[in-house]
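Asker: Chains as they are written, first to last, in the working numbering: chain A, 27 to 282; chain B, 27 to 282. For every residue, glycine included, the Cβ atom is placed at its ideal position computed from N, Cα and C. Shown below is the structure under consideration.
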């Protein structure tokens, strides 16, 4: 299995604090040594870093920890390979373009028989069931909506329906971003936490690091962090229901 | 205008020496301050780094210079914006998936009216004429070949034909890689150089750096470097003919 980390905000925010916690689980405090990756949205662009090396030893992870990137949406993944060998093309997040938008996807779980599902527009580059599931989701979205639907709610419902079909094939904890909304589906494990004024301090579980968000933010900032398992002590992480989708925009969950 | 750098080899090779020369032109020895990017193929995967910052000041460029990545195919671009503002989504190389392969593209020049050419499968995420041209090329390839053609030569001829149509609209110096072959089209400026045994020394033009390739290679290595302008002193760079395509595979040009 793997672990996921996502962030959705109303102002571009630096994810380094949460990333520093998660990346420890890539071989030090957790067994997810089979690569890691991160996708940052900046405007319409999506910047990705991937490395099939263990996160805790990766030079590129070191750069990400020392280099401030501010983003409204982030998806990050550390991998413990269950399906598909350890190599760059099997390293999440996967990305594709639809409607001139960059979509990114990461998944934790194992899906039975999904690689037999037919694909039309999008094809996997690697050999994971995850990338196949992502291509299938985008195929379905594209088939029903050759151009973007008028309402983002239509899209939220469709993603929920597709995620439900995948969840029926096995654990499907996933994060998907269309550069506007962050879709998080919980099959077995996903928790989230919203930070907003008045901001306080937080301490990571996986490494000795404390941050005082009051010093890093403005009173208007709203930042939601989503992760497989809580990353900090003493903050009110909400555990998501199994078989549920939560979609975030501007730092807050939106109605589906 | 911009500058391009490409590499195609028969064994995975480190591009840092050539990259160190080119990146100087991103604000130090050349005016290409409006971002830079690089795509490295590793197996079927394609790893990209992009930065809208000037190459000569970029922390990510610094990482690329200090981190060995060995690759059979590389495309690199430094940008001087002429069409589309300076931002991540307008930073080359652009990438898309076709037939389950990762395609990367970078361009130098300016194409008149190309943004009016209709697109079907692929849409630009940013606003450059270059990304539009890339989407159009992939659309045309996909339309004629919904599945990969049997012969790679068919593909070379098609790329040559499409590049010729773009060249008719303005300067179209480009590099395109389908993860197997590196297609280089010269509209105005492109030169290339093949290094093979017996290897010797080379010195960069843009910064003080000399390398003895005999120490870095085996006698079987064949490495071709392609660039807008020669990167080294005293090596036999071949200037490409205007309006010509050269396609490289295993480090050598192949018949079109």
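Per DSSP, residue 180(A) is paired with what?
Answerer: Answer is none; residue 180(A) lacks a bridge partner.
Asker: Against chain B, does residue 128(A) count as a neighbour if the rule is that its beta carbon must be under 8 Å from one of theirs?
Answerer: Yes, contact with chain B.
Asker: Between 168(A), 39(A), 112(A), 270(A), which lies nearest to residue 154(A) when the distance is taken from Cα to Cα?
Answerer: The shortest Cα separation from residue 154(A) among 168(A), 39(A), 112(A), 270(A) belongs to 112(A).
Asker: Would you call the stretch 184 to 191 of chain A and the stretch 32 to 46 of chain B in contact, with 3 or more CB pairs under 8 Å?
Answerer: At 8 Å Cβ cutoff, the stretches do not touch.
Asker: With a cut-off of 8 Å, does the C-beta of residue 103(A) fall near any C-beta of chain B?
Answerer: Not an interface residue.
Asker: Using the Cα positions of residue 190(A) and residue 78(B), report the straight-line distance between them to the nearest angstrom.
Answerer: If I take the Cα positions, the gap works out to 39 Å.
Asker: Pop quiz: residue 66(A) and residue 59(A) are said to be a contact at Cβ under 8 Å. What is the actual Cβ separation, rounded to whole angstroms?
Answerer: Going by Cβ atoms, the distance from residue 66(A) to residue 59(A) rounds to 23 Å, so no, they are not a contact pair.
Asker: Which term fits residue 228(A), buried or exposed, when burial requires 16 or more other beta carbons within 10 angstroms of its beta carbon?
Answerer: Its Cβ being crowded by 16 or more others within 10 Å, residue 228(A) is buried.
Asker: If you measure beta-carbon to beta-carbon, which residues of the stretch 40 to 62 of chain A are closer than 8 Å to chain B?
Answerer: Per Cβ criterion, the list is empty.
Asker: For residue 134(B), count neighbouring C-beta atoms within 10 Å of its own C-beta (all shown protein chains included) and say buried if the count is 16 or more, exposed if not.
Answerer: Buried, by the Cβ-count rule.
Asker: Report the three-state DSSP secondary structure of residue 66(A) (helix, strand or coil).
Answerer: Here residue 66(A) sits in strand by DSSP.
Asker: Can you check DSSP and say which residues form a bridge with residue 209(B)?
Answerer: Residue 209(B) pairs with 202(B), 273(B).
Asker: Applying the criterion that 16 or more other CB atoms from any shown protein chain within 10 Å of the CB defines a buried residue, is residue 199(B) buried or exposed?
Answerer: Under this definition residue 199(B) is a buried residue.
Asker: At a CB-CB cut-off below 7 Å, which residues of chain B make contact with residue 70(A)?
Answerer: Correct list: 115, 151, 152.
Asker: So which residues on chain B does residue 147(A) lean against when the C-beta distance must stay under 8 Å?
Answerer: Neighbours of residue 147(A) on chain B, chain order: 147.
Asker: Can you pull the DSSP bridge partners for residue 109(B)?
Answerer: Bridge partners of residue 109(B): none, in fact.
Asker: For residue 173(A), would you say it is in contact with chain B, using Cβ-to-Cβ distances shorter than 8 Å as the test?
Answerer: No, residue 173(A) lies away from the interface with chain B (no Cβ there is under 8 Å from its Cβ).
Asker: Please state the DSSP three-state secondary structure of residue 185(B).
Answerer: Here residue 185(B) sits in helix by DSSP.
Asker: Spell out a yes or no on whether the stretch 158 to 169 of chain B and the stretch 120 to 137 of chain B are touching, meaning 3 or more CB-CB pairs, one atom from each, closer than 8 Å.
Answerer: They touch, by the three-pair rule.
Asker: Flag this pair as touching only if the stretch 170 to 179 of chain A and the stretch 99 to 108 of chain A have three or more C-beta atom pairs under 8 Å; answer yes or no.
Answerer: The stretch 170 to 179 of chain A is not in contact with the stretch 99 to 108 of chain A.
Asker: Where does residue 152(A) sit, in a helix, a strand or coil, going by DSSP?
Answerer: Here residue 152(A) sits in coil by DSSP.
Asker: Got a sec: is the Cβ-Cβ distance from residue 85(B) to anything in chain A below 8 Å?
Answerer: Yes, its Cβ sits closer than 8 Å to a Cβ of chain A.
Asker: Could you check whether the Cβ of residue 93(B) sits closer than 8 Å to any Cβ belonging to chain A?
Answerer: Taking Cβ atoms only, chain A reaches closer than 8 Å to residue 93(B), which makes this a yes.
Asker: Rounded to a whole number of angstroms, what is the C-alpha to C-alpha distance between residue 152(B) and residue 146(A)?
Answerer: Distance between the alpha carbons of residue 152(B) and residue 146(A) is about 25 Å.
Asker: May I ask you to report which of helix, strand or coil DSSP gives residue 30(B)?
Answerer: DSSP places residue 30(B) in strand when its eight states are reduced to three.
Asker: Tell whether a beta-carbon distance below 8 Å holds between residue 97(A) and residue 180(A).
Answerer: In this structure, residue 180(A) does not lie closer than 8 Å to residue 97(A) by Cβ.
Asker: For the structure I just gave you, are there three or more beta carbon pairs, one from the stretch 83 to 92 of chain A and one from the stretch 84 to 101 of chain B, closer than 8 Å?
Answerer: At 8 Å Cβ cutoff, the stretches touch.
Asker: Determine the DSSP secondary structure at residue 87(B), reduced to helix, strand or coil.
Answerer: Three-state result, residue 87(B): helix.
Asker: According to DSSP, which residues form a beta bridge with residue 52(B)?
Answerer: 57(B).
Asker: For chain A, find out if any of its Cβ atoms is closer than 8 Å to the Cβ of residue 236(B); answer yes or no.
Answerer: Not one chain A Cβ lies under 8 Å of residue 236(B).
Asker: Which one of 42(A), 63(A), 265(A), 275(A) has the shortest CA to CA distance from residue 119(A)?
Answerer: Among 42(A), 63(A), 265(A), 275(A), the Cα nearest to that of residue 119(A) belongs to 63(A).
Asker: Which residues in the same chain have their Cβ closer than 6 Å to the Cβ of residue 53(A), if we skip the five residues on either side of it in sequence?
Answerer: Within the same chain, residue 53(A) has close Cβ partners 59, 80, 82.
Asker: What is the DSSP secondary structure of residue 246(B), counted as helix, strand or coil?
Answerer: Residue state, collapsed to three classes: coil.
Asker: Counting only beta-carbon separations shorter than 8 Å, does residue 202(B) have a partner in chain A?
Answerer: No - not a single Cβ of chain A is within 8 Å of the one on residue 202(B).
Asker: Excluding the 5 residues flanking residue 137(B) on each side, which residues of the same chain have their C-beta closer than 7 Å to its C-beta?
Answerer: Once the five neighbours on either side are set aside, the close Cβ partners of residue 137(B) are 155, 159, 192, 195, 196, 198.
Asker: Flag this pair as yes or no: are the beta carbons of residue 123(B) and residue 148(A) separated by less than 8 Å?
Answerer: A contact, by the Cβ cut-off of 8 Å.
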